[in-house]
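Structure first, then comments.
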Amino acid sequence: IQAGKLLFECAAACFVAISPDDRFIATIGNDSKETSLLSGRTGRQVCELEPIGTPLWTLAFSANGNVFGGLSSKGPAVWDVASGKLLFALERRLQFYKSKTMAISPDGESIVFAEELVEVWSIKSGNKLHAVPFLLRHRLNVPRVESLAFSPDGSMLAIATYHGDVLLWTFPDCEQVAVFSGHETGVEAVCFSADGRYIVSYCSYQARQWNVPPRPSSCELQAEAIDRRDRRRGS
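Add 540 to the 1-based position in the sequence shown for our numbering, that's all there is to it.
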């Protein structure tokens, strides 16, 4: 990249993801819609991926580069990068306009995706860990998540919504600690800075940077949960 030299060319792709260590490139073919795992140095196929029988529409690597996955109309799937073995596959009928994005925790242990709920699943055990509604300023019938991102240390999850908000949750507790509002249209993408101190969100014509508040202690989260329950009972 520094020299601006072309390293290799590969077949046309409609979606590309690069592993954090630059060793691997995952692609979804433009014509065949086949998912391939390529070497980041040579562009050659690294291994055959265990098939799932349906094309993916998005891809993501874990921060440690050990696993990658994607979403399809049959549900989320995750593969081992070294062997191409399918580690996790959930039979779930998904629709692209409702479930566009997914994220894998930095340690490669959990997968997060969203439809009506934000769901967290263990890749190793295949068990559902959380299924949490996301709270928006706008009480609409069809909430939609456009982008998900983990903080570098895996302690926070940022959720970009179609309705213009960026939600900040603790992880793995899935407690909402902040809502960033300021976009006039749907937020299309969100990411953390390398040091985890900032979040950058993007919509069709503007990018915004937000300060990440300190992660609250477990005692503070419990107190907030109790306060919310008391307010609901009083209303």
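Just so you know, even glycine gets a beta-carbon here, dropped at the ideal spot from N, CA and C.
Report the option in the options whose CA atom is closest to the CA atom of residue i.
i	options	result
Y637	W597, N606, W619, L630	W597
N667	L630, G726, N606, D705	L630
R684	P595, F653, D571	F653
F601	F732, G580, A643, I568	A643
T608	F564, G704, S744	The sequence shown places Phe at residue 608, rather than the Thr named in the question. The shortest Cα separation from F608 among F564, G704, S744 belongs to F564.
V752	Q746, M696, S744	M696
Y702	L634, R755, G569, S639	S639
L634	V621, S665, T594	T594
D562	P754, G580, L589	G580
Apart from the five residues just before and just after residue i, which ones in its own chain have a Cβ nearer than 6 Å to its Cβ?
i	result
Y742	E728, A729
Q749	Y738, V740
P560	A603, G605
A566	A557, L577, L599, F608
S744	T725
C731	A689, V740
R632	G615
D571	none
R772	For R772, the pLDDT reaches just 49, beneath the cut-off of 50, and the residue's location in the model is therefore unreliable, leaving the point undetermined.
H678	Low confidence applies here, because H678 scores a pLDDT of 48, under 50, leaving its location unreliable and the question unanswered by this model.
Leaving out the 5 sequence neighbours to the left and right, which residues in its chain are closer than 7 Å to residue i when beta-carbon positions are compared?
i	result
S623	C587
V672	L657, V658, C714
G722	R748
G694	S645, P646, D647, F711
L589	T575, L577, W619, G624
I651	G609, P616, V618, F628, M642, I644, W661, I663
E655	L634, K638, S639
Rounded to the nearest angstrom, how far is the Cβ of residue i from that of residue j, given a contact under 8 Å?
i	j	result
I663	E649	6 Å
A700	L708	Rounded, the Cβ-Cβ distance is 11 Å, inconsistent with contact.
Could you name the residues of the same chain whose beta carbon sits closer than 8 Å to that of residue i, not counting the 5 residues immediately before and after it, in chain order?
i	result
I592	S612, K614, A617, L626, A629
D735	P692
Which value, in whole angstroms, describes the spacing of the CA atoms of residue i and residue j?
i	j	result
T582	C554	20 Å
Q716	R584	42 Å
C550	T641	24 Å
V719	S691	16 Å
V660	L669	5 Å
S733	D705	18 Å
G569	K545	24 Å
Q746	A689	19 Å
K573	P754	42 Å
D620	A552	24 Å
Is residue i near the ligand ATP - that is, is its Cβ less than 7 Å away from at least one heavy atom of it?
i	result
G624	Among the ligands in the structure shown, none appear at all, so the ligand ATP cannot be discussed.
Continuous alpha helix (DSSP H) assignments of at least 4 residues falling wholly in the segment 666 to 744: none
Segments assigned alpha helix (DSSP H), at least 4 residues, entirely inside the segment 574 to 624: none
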